[in-house]
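Okay, so here's the structure we're looking at.
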Amino acid sequence: MAIAQGSSERSISVVVDNDDATTGVRVVHQMLFNTDQVIGAVPDWRRRGWAGALLEQVKRQQEWLKKKHIDLRVCGIANSRALLTNVHGLNLENWQAEMNEAKEPFNLGRLIRLVKEYHLLNPVIVDCTSNQAVADQYADFLREGFHVVTPNKKANTSSMDYYHQLRLAASKSRRKFLYDTNVGAGLPVIENLQNLLNAGDELQRFSGILSGSLSFIFGKLDEGMSLSEATRAARELGYTEPDPRDDLSGMDVARKLLILAVKRP
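Using UniProt numbering, you'd call the opening residue of the sequence shown number 1 and step up by one each time.
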């Protein structure tokens, strides 16, 4: 890219590669003329409770987002069987029916082509699974220009090498890897901890209930319910991991502790 300023402060010339021309014009219009910020989201909804709640929230907040000049479009929904896409935004009133009829298999390359063909400026992958194979693709998504938002803990607890790969990929691509829901669900636990550490504070100790599902199950056991019944109830309410054995074995708590511990300088 080359930039040159003319004789007037109001005249600036910019030369970019032809392949980047459409994207460049959209970025300039967005920044200078306050046009809508188009955000394309592709939720992977293999964990139906989380993804369904997310899509319902997006649908409810469309008018509020428009007032903020944010055009948030759900451009795709994927599960282990199929991928449903529409670059202009899927109809969130009947996405379940359309998903059931979708035939195209989920493919990373298809999502990358979708972004490049239509020059989406702020594509976001929202992974609503706890799937290791999906988590292993985060670095590729970031390198290809996607932001990644996820409650999936497995990317941050796989290996230190992959942990650093994710942050390097996000930094080089100027993309965001957001995972606050790994610990504390909707509470900003990770963000607040990071802010404190960045300000020079030291974490000496902390205490808390690190498993809402186990807390619920133990409460039901105190009421006389059997372990199997309590676990089933917690799963039906969406409290447990997709595989409740992760909760019962303590693995989910261990992952949360590791994510918090690695934040220490």
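Don't be surprised by glycine CBs; every beta carbon is placed ideally from N, CA and C.
Because the structure is a prediction, the values reported are computed rather than measured.
Through-space distance from residue j to residue i, alpha-carbon basis
i    : j    : result
N182 : E101 : 32 Å
I217 : M225 : 9 Å
M99  : N79  : 9 Å
Q62  : D71  : 8 Å
K103 : I112 : 19 Å
P123 : F146 : 5 Å
L260 : P188 : 12 Å
S249 : H69  : 46 Å
W50  : D127 : 10 Å
R46  : N91  : Because the pLDDT at R46 is just 48, under 50, the model does not fix this residue reliably, and the value given afterwards should be weighed accordingly. Taking the straight line joining both Cα atoms gives about 19 Å.
Q194 : G219 : 32 Å
V58  : G52  : 10 Å
R205 : V149 : 28 Å
S215 : F106 : 36 Å
G109 : F141 : 10 Å
S228 : W64  : 43 Å
L210 : E144 : 34 Å
M160 : R167 : 11 Å
K66  : F177 : 24 Å
V262 : Y163 : 10 Å
R245 : V15  : 56 Å
N94  : L54  : 15 Å
CB contact flag (residue i, residue j, <7 Å)
i           : j    : result
residue 268 : Y179 : Outside the shown range of the chain, which is 1 to 265, sits residue 268, and nothing can be said about it.
S130        : E241 : yes
A233        : L221 : no
Residue i, enclosing alpha helix (DSSP H) - first and last residue
i    : result
D140 : Y138 to R143
E98  : W95 to E101
S207 : Run containing S207: none; DSSP gives neither H nor E here.
Element boundaries [beta strand (DSSP E), containing residue i]
i    : result
A78  : G76 to A78
V124 : V124 to D127
V148 : H147 to V149
Cross-strand partners of residue i (DSSP beta bridge)
i    : result
T240 : None; T240 has no bridge partner.
R113 : R113 is not bridged to any residue.
T85  : G76
I217 : The partner list for I217 (beta bridge, DSSP) is empty, contrary to what the question assumes.
D201 : Beta-bridge pairing links D201 to no other residue.
Check your understanding: So does the stretch 113-121 actually touch the stretch 129-136, counting three or more Cβ pairs closer than 8 Å?
Key -> no
Review point. Should the stretch 150-167 be regarded as contacting the stretch 238-257, the criterion being three or more beta carbon pairs within less than 8 Å?
Key: yes
Review point. Does the pairing of the stretch 199-209 with the stretch 165-173 give three or more beta-carbon distances under 8 Å?
Key: no
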